[in-house]
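Chains as they are written, first to last, in numbering that gives the first Met the number 0: chain W, 0 to 493; chain G, 0 to 323; chain E, 0 to 309.
All C-beta atoms, glycine included, are put in the ideal place defined by N, C-alpha and C.
Keep in mind the model is a prediction, meaning the values are calculated, not measured.
For reference, the structure discussed in these notes is given below.
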Amino acid sequence: MHVEMKGINKSFGTNQVLKDAAFNLKDGEIHALMGENGAGKSTLMKILTGVYTRDSGTVIVDGKEVTYHSPKEAEEAGIVFIYQELNVLFDLTVEENLFMGKEITNRFGVCDKKAMRAKAQEIMDRMGVHIPVDAVMSDLSVGQQQMVEICKALMVDAKVLIMDEPTAALTQSETEVLFEVINSLRKKGVSIVYVSHRMEEIFELCDRITILRDGTYIDTKYIKDITMDDVVKMMIGREIGERYPKRNNAIGGEVLRVEGLTHEKLFRDVSFNVRAGEVLGVSGLMGAGRTEIMHSIFGNLPLVKGKIFIEGKEVSIRNPRQAIEAGIGFITEDRKTEGLLLEKSIAENIELCNLGKVSTKGVLQAEKQASLVKRGIEEFRIRCFGPHHECDNLSGGNQQKVVLAKWIYTDPKILILDEPTRGVDIGAKKEIYSVINEMAAKGVAVIMVSSELPEVLGMSDRIMVVHEGHVTGIINGADADQEKIMTLATGGSL
Amino acid sequence: MKKENKNIGAFLSEYGVFIALAILVVIISAISPEFRQPGNFLNLLRQASFNGLIAFGMTCVILSGGIDLSVGSTFALSAIVCAEMIGHGVPVIVAVPVALLVGVALGLISGLLVTKGRLQPFIATLITMTAYRGLAMILTDGKPISRLAESSGDSLLFKAMGKGNFIFTFAPDFKIPIPIIILVVVFAIMYFVLKHTVFGRRLYATGSNAKCAALTGVNINRVKMSVYAVSGFLSALAGLIMISRVDSAQPIMGSGYELDAIAAVALGGTSMNGGRGRIAGTIAGVLIIAVLNNGLNILGVTSYYQSVVKALVILVAVLSDRKR
Amino acid sequence: MKRMIKLLFASLVALCFTACAIVIDGEEKTTSKKVESTGNIGLSISTLNNPFFVTLVEGAKKAAADMKLQLTVVDAGDDVAKQASDIEDLVSKNVSVLIVNAVDSDALTSAVKVALSKGVKVIAVDRAINGVDVDCQIASDNVAGAEMATQYIVDKLGEGVVTAELQGTLGSSAAIDRGKGFHNIADKKLKVAASQTANFNRAEGMSVMENMLQARGNIAAVFAANDEMALGAVEASSGAGKKVMVVGFDATDDAIAAIKAGRMAATIAQQPALIGETAVKTASEIVNGKTVEKNIPVKVTLVTAENAGK
Numbered sequence: 000m001h002v003e004m005k006g007i008n009k010s011f012g013t014n015q016v017l018k019d020a021a022f023n024l025k026d027g028e029i030h031a032l033m034g035e036n037g038a039g040k041s042t043l044m045k046i047l048t049g050v051y052t053r054d055s056g057t058v059i060v061d062g063k064e065v066t067y068h069s070p071k072e073a074e075e076a077g078i079v080f081i082y083q084e085l086n087v088l089f090d091l092t093v094e095e096n097l098f099m100g101k102e103i104t105n106r107f108g109v110c111d112k113k114a115m116r117a118k119a120q121e122i123m124d125r126m127g128v129h130i131p132v133d134a135v136m137s138d139l140s141v142g143q144q145q146m147v148e149i150c151k152a153l154m155v156d157a158k159v160l161i162m163d164e165p166t167a168a169l170t171q172s173e174t175e176v177l178f179e180v181i182n183s184l185r186k187k188g189v190s191i192v193y194v195s196h197r198m199e200e201i202f203e204l205c206d207r208i209t210i211l212r213d214g215t216y217i218d219t220k221y222i223k224d225i226t227m228d229d230v231v232k233m234m235i236g237r238e239i240g241e242r243y244p245k246r247n248n249a250i251g252g253e254v255l256r257v258e259g260l261t262h263e264k265l266f267r268d269v270s271f272n273v274r275a276g277e278v279l280g281v282s283g284l285m286g287a288g289r290t291e292i293m294h295s296i297f298g299n300l301p302l303v304k305g306k307i308f309i310e311g312k313e314v315s316i317r318n319p320r321q322a323i324e325a326g327i328g329f330i331t332e333d334r335k336t337e338g339l340l341l342e343k344s345i346a347e348n349i350e351l352c353n354l355g356k357v358s359t360k361g362v363l364q365a366e367k368q369a370s371l372v373k374r375g376i377e378e379f380r381i382r383c384f385g386p387h388h389e390c391d392n393l394s395g396g397n398q399q400k401v402v403l404a405k406w407i408y409t410d411p412k413i414l415i416l417d418e419p420t421r422g423v424d425i426g427a428k429k430e431i432y433s434v435i436n437e438m439a440a441k442g443v444a445v446i447m448v449s450s451e452l453p454e455v456l457g458m459s460d461r462i463m464v465v466h467e468g469h470v471t472g473i474i475n476g477a478d479a480d481q482e483k484i485m486t487l488a489t490g491g492s493l
Numbered sequence: 000m001k002k003e004n005k006n007i008g009a010f011l012s013e014y015g016v017f018i019a020l021a022i023l024v025v026i027i028s029a030i031s032p033e034f035r036q037p038g039n040f041l042n043l044l045r046q047a048s049f050n051g052l053i054a055f056g057m058t059c060v061i062l063s064g065g066i067d068l069s070v071g072s073t074f075a076l077s078a079i080v081c082a083e084m085i086g087h088g089v090p091v092i093v094a095v096p097v098a099l100l101v102g103v104a105l106g107l108i109s110g111l112l113v114t115k116g117r118l119q120p121f122i123a124t125l126i127t128m129t130a131y132r133g134l135a136m137i138l139t140d141g142k143p144i145s146r147l148a149e150s151s152g153d154s155l156l157f158k159a160m161g162k163g164n165f166i167f168t169f170a171p172d173f174k175i176p177i178p179i180i181i182l183v184v185v186f187a188i189m190y191f192v193l194k195h196t197v198f199g200r201r202l203y204a205t206g207s208n209a210k211c212a213a214l215t216g217v218n219i220n221r222v223k224m225s226v227y228a229v230s231g232f233l234s235a236l237a238g239l240i241m242i243s244r245v246d247s248a249q250p251i252m253g254s255g256y257e258l259d260a261i262a263a264v265a266l267g268g269t270s271m272n273g274g275r276g277r278i279a280g281t282i283a284g285v286l287i288i289a290v291l292n293n294g295l296n297i298l299g300v301t302s303y304y305q306s307v308v309k310a311l312v313i314l315v316a317v318l319s320d321r322k323r
Numbered sequence: 000m001k002r003m004i005k006l007l008f009a010s011l012v013a014l015c016f017t018a019c020a021i022v023i024d025g026e027e028k029t030t031s032k033k034v035e036s037t038g039n040i041g042l043s044i045s046t047l048n049n050p051f052f053v054t055l056v057e058g059a060k061k062a063a064a065d066m067k068l069q070l071t072v073v074d075a076g077d078d079v080a081k082q083a084s085d086i087e088d089l090v091s092k093n094v095s096v097l098i099v100n101a102v103d104s105d106a107l108t109s110a111v112k113v114a115l116s117k118g119v120k121v122i123a124v125d126r127a128i129n130g131v132d133v134d135c136q137i138a139s140d141n142v143a144g145a146e147m148a149t150q151y152i153v154d155k156l157g158e159g160v161v162t163a164e165l166q167g168t169l170g171s172s173a174a175i176d177r178g179k180g181f182h183n184i185a186d187k188k189l190k191v192a193a194s195q196t197a198n199f200n201r202a203e204g205m206s207v208m209e210n211m212l213q214a215r216g217n218i219a220a221v222f223a224a225n226d227e228m229a230l231g232a233v234e235a236s237s238g239a240g241k242k243v244m245v246v247g248f249d250a251t252d253d254a255i256a257a258i259k260a261g262r263m264a265a266t267i268a269q270q271p272a273l274i275g276e277t278a279v280k281t282a283s284e285i286v287n288g289k290t291v292e293k294n295i296p297v298k299v300t301l302v303t304a305e306n307a308g309k
């Protein structure tokens with residue numbers, strides 16, 4: 000299917016998000032769509048699939064000018080959007096999800112379970128994925144859920160598949176499976192729009208790339224003709240310099256040591272330490288237990304056994320309050336459900352961790368509140384209307400800065416960051432890296448859990464790799480490379 | 000406070016419930032000369048004080064992400080405990096604080112079921128609601144306890160709670176009923192606590208996103224226990240005012256009050272999912288319900304139609320609030 | 000500005016402590032200014048969820064229409080607090096005579112006192128209002144009615160039969176009085192197998208009766224404190240295939256139909272329409288300055304298959 004979008008304009012209220020945007024998709028190609036958060040990628044795709052109506056401009060599909068009024072119309076024409084926030088019903092089975100709204104019924108209007116299961120199995124086989132069709136969605140990994148979403152798209156004979164950050168929640172091996180599937184779809188003539196921030200993936204997978212900036216069309220290039228630096232330059236309109244800024248601070252004494260941390264079933268016998276001014280990267284596959292180890296150190300997950308030492312003294316941490324008192328700050332993996340009060344303002348979020356600082360005898364002090372929040376917005380360069388801006392309306396990067404601000408003002412001795420740059424655009428990513436470096440320079444012991452290998456390699460002094468609840472190795476940053484980490488992460492040894 | 004430009008829509012959603020209240024008062028006043036007498040407004044406010052106190056507690060519980068169905072039963076049981084004590088010769092000065100503490104304890108039981116028992120608030124308080132009503136029946140043998148003022152030896156404290164009026168000696172005709180004063184004082188305290196204290200912040204945080212609040216060191220169980228205790232206390236307070244006013248405590252009193260309180264909270268724009276809402280909205284909601292009850296009575300609308308009119312007004316108010 | 004507010008607040012507090020007092024409603028020494036007589040009548044009814052009171056209100060409305068009087072009816076929905084508010088509302092509306100059908104005999108004392116202190120005349124109907132001296136009381140005697148109904152069971156089935164009692168809403172004075180009347184006779188002459196409440200409600204009457212029959216198959220007669228529960232009991236016993244003699248109270252249309260059909264044995268006819276009518280007539284006499292009797296009894300009668308047609 001050939002899609003051509005020209006001169007697209009779209010405003011929400013007074014805010015023009017697309018200005019003369021354009022996009023061109025050929026038959027059977029994988030086309031990357033890149034741009035910083037807020038550049039208009041999602042809006043453009045939502046206009047194509049009829050979620051939004053355009054203010055002006057033309058959309059031509061296979062030579063005919065079209066306007067879809069709803070995602071359903073677009074789907075009937077063969078254009079399917081797979082959202083980043085997966086659109087699945089978690090309590091239902093795979094087969095029920097696949098056939099939601101398109102159930103096969105017999106002539107009495109009763110669901111024909113048998114036929115649906117057979118069809119579901121057939122599609123799974125065709126895709127080469129092995130997921131039991133009667134498994135309940137919530138029991139599957141995110142990667143498997145994503146596969147189900149793709150299968151769902153194929154059920155309607157999609158000719159154009161739009162994927163928004165499909166690998167954001169996937170492990171390396173799941174990503175590889177996904178890429179195989181995408182490649183095989185391309186061979187069958189399906190065109191794929193691939194929206195992602197992950198440069199490495201785009202260069203591995205895609206044929207062409209289109210770049211948007213501030214709602215305007217910048218350029219479309221063949222991947223083989225350009226470099227990553229070119230892309231970054233086009234996206235942000237200037238040179239960004241080093242992707243991972245250097246850090247030259249001295250590393251001090253040990254701040255945190257854990258010995259033999261063991262959970263009922265998620266991880267066993269985890270021991271490691273972090274020193275002042277050091278960044279310890281934590282790598283491993285999704286579900287290896289990295290996040291859970293961090294939650295247990297923070298007192299949010301009960302341990303069967305194990306000891307935690309802070310500055311040489313054993314401490315007992317049974318809940319997050321005690322962890323905070325002991326000087327630990329924890330930036331969780333999922334900022335939307337764990338890190339932020341989304342419907343609350345920037346001010347309320349930053350203050351939440353620092354209520355003691357902005358109050359006297361339990362009564363809030365307006366002046367202290369205002370100065371703390373003002374400092375946060377300025378120091379972290381949070382782009383917003385002001386302290387009362389709701390966090391829900393901030394971009395991913397700015398949300399993450401709010402989370403950073405609220406924790407960093409608690410003056411932690413130990414800062415744990417779980418996937419700090421997930422869903423954050425390149426400019427904001429670099430600012431977050433700078434904050435991490437500043438913290439390290441101040442002598443804070445930093446633990447950074449990340450699924451992005453280049454990030455772990457670029458930022459860490461040492462890298463700890465976790466495989467199925469075990470620490471399989473701790474290697475020096477200088478000696479590490481992708482291959483070594485992947486070997487350890489899949490259970491091999493060096 | 001807010002620097003952003005606000006359009007009319009935002010203004011309406013912020014103050015819609017107050018505007019609705021004003022419109023309602025203006026319309027009924029225009030139709031009925033009896034309604035617009037100052038004496039009637041005092042009546043109306045006094046009638047609103049019971050639902051008001053209960054709805055304040057309910058606001059806290061709903062803000063924390065819960066719900067308290069047991070308020071009506073707590074209202075009755077605490078009042079009956081007080082009435083029984085007075086009937087057995089316990090001085091009012093002792094009976095009243097004890098009954099209020101009973102209210103707190105009853106609230107804490109609901110809180111325990113929610114936190115330690117990990118029951119959903121709806122189920123937990125459905126259980127306590129049923130249990131407390133049964134206890135009220137058992138304590139009284141199903142019969143009302145009457146002539147309390149007489150049993151209390153004509154205690155001024157007891158009579159003043161519900162029937163008292165505050166006057167200035169130089170203007171004896173200007174009377175402010177004590178229940179209204181209690182309502183205003185409790186409102187002021189609640190407003191301050193929710194808006195200007197650490198506890199208030201933690202309460203909003205718990206209701207907004209309990210997971211995030213817990214991870215930022217908020218003891219969410221303590222917050223939840225507190226709101227049910229507050230709700231129990233205020234229900235008991237309302238119950239005491241009621242028995243003082245009608246001079247009798249019935250085991251069936253207060254049944255259905257949870258629904259009026261929830262309606263007032265909803266009218267006030269508080270999100271039923273928690274985390275979002277204002278106590279000022281709740282008082283406006285309480286007043287809308289009170290104005291409707293009083294106004295429709297004075298207009299002589301048949302009670303069957305009254306219910307439908309009330310439902311319609313609540314529907315319109317809640318819908319206009321939803322349009323953001 | 001802040002200082003101004005503080006000053007104002009402080010002086011207000013000072014004022015409160017130096018020049019204030021508390022007065023209790025209905026106990027003021029000087030009665031508050033009396034309201035001009037409008038000749039209007041207010042009727043506060045305990046509930047309109049019960050056909051009996053609906054009939055009472057209809058009788059009152061008809062009488063008021065015949066005499067061209069203005070009558071405002073408010074429904075308390077069986078809630079004493081609501082009724083206290085209703086009475087205040089009617090006083091605000093400047094009624095001259097207030098007809099009160101109390102939800103509870105003891106809980107309206109103060110509200111009625113306030114009304115009387117404002118010069119409003121008060122007539123209590125169906126239920127007494129304790130602790131105040133109302134201008135007139137109109138009621139049928141519930142105790143006597145229940146005694147009459149229970150005696151009918153004794154007359155028909157003989158002494159010592161196994162009998163069950165369906166009580167009304169616990170705490171309501173009708174339930175208390177009718178229960179008292181029943182026990183006055185039954186405790187001496189019948190064998191009372193079970194006494195349980197069904198809240199004056201037909202569906203509850205049915206399920207309570209089902210349970211009773213399940214537990215005690217030999218129940219021969221039932222006294223229900225109102226017809227709604229009695230009809231529930233009729234359904235339950237016919238459902239269980241048992242022949243049970245059911246006696247009710249109130250003589251609603253449904254109950255009379257059931258008596259005619261032989262499904263129910265008897266009921267006590269209060270005459271709600273007559274009570275309503277009498278109340279309005281008495282009110283009109285008061286408005287016209289006539290003195291009225293303190294107690295006006297309204298006749299109750301036993302309705303059985305023999306006289307149900309009339």
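Cross-strand partners of residue i (DSSP beta bridge)
i, result
"Leu147 of chain G", "None; Leu147 of chain G has no bridge partner."
"Leu17 of chain W", "W:Lys9"
Rounded C-alpha distance that separates residue i from residue j
i, j, result
"Ala316 of chain G", "Ser344 of chain W", "26 Å"
"Ala80 of chain E", "Val245 of chain G", "7 Å"
"Val308 of chain G", "Phe121 of chain G", "28 Å"
"Thr30 of chain E", "His388 of chain W", "Low confidence applies to Thr30 of chain E: its pLDDT is 48, below 50, so where it sits in the model is not reliable enough to give any reading."
"Ala232 of chain E", "Ala223 of chain E", "8 Å"
"Ile108 of chain G", "Arg201 of chain G", "21 Å"
Three-state secondary structure assigned by DSSP to residue i
i, result
"Arg35 of chain G", "coil"
"Asn475 of chain W", "strand"
"Thr170 of chain W", "coil"
"Cys390 of chain W", "helix"
"His466 of chain W", "strand"
"Ile4 of chain E", "helix"
"Val254 of chain G", "The sequence given here places Ser at residue 254 of chain G; Val does not occur at that position. In the structure shown, Ser254 of chain G sits in coil (DSSP, three-state: anything other than H, G, I, E or B)."
Residue interval of the alpha helix (DSSP H) (run including residue i)
i, result
"Asn348 of chain W", "345-351"
N- and C-terminal bounds of the beta strand (DSSP E) containing residue i
i, result
"Lys259 of chain E", "Note, Lys259 of chain E: premise wrong, no beta strand (DSSP E); alpha helix (DSSP H) at 252-259."
"Leu324 of chain G", "Absent from the model: residue 324 of chain G. The displayed extent of chain G is 0 to 323, so no value can be given."
"Asn296 of chain G", "Where Asn296 of chain G is concerned, there is no enclosing beta strand (DSSP E), although the alpha helix (DSSP H) it sits in stretches over 278-298."
Beta carbon of residue i nearer than 8 Å to that of residue j
i, j, result
"Val191 of chain E", "Ala219 of chain E", "no"
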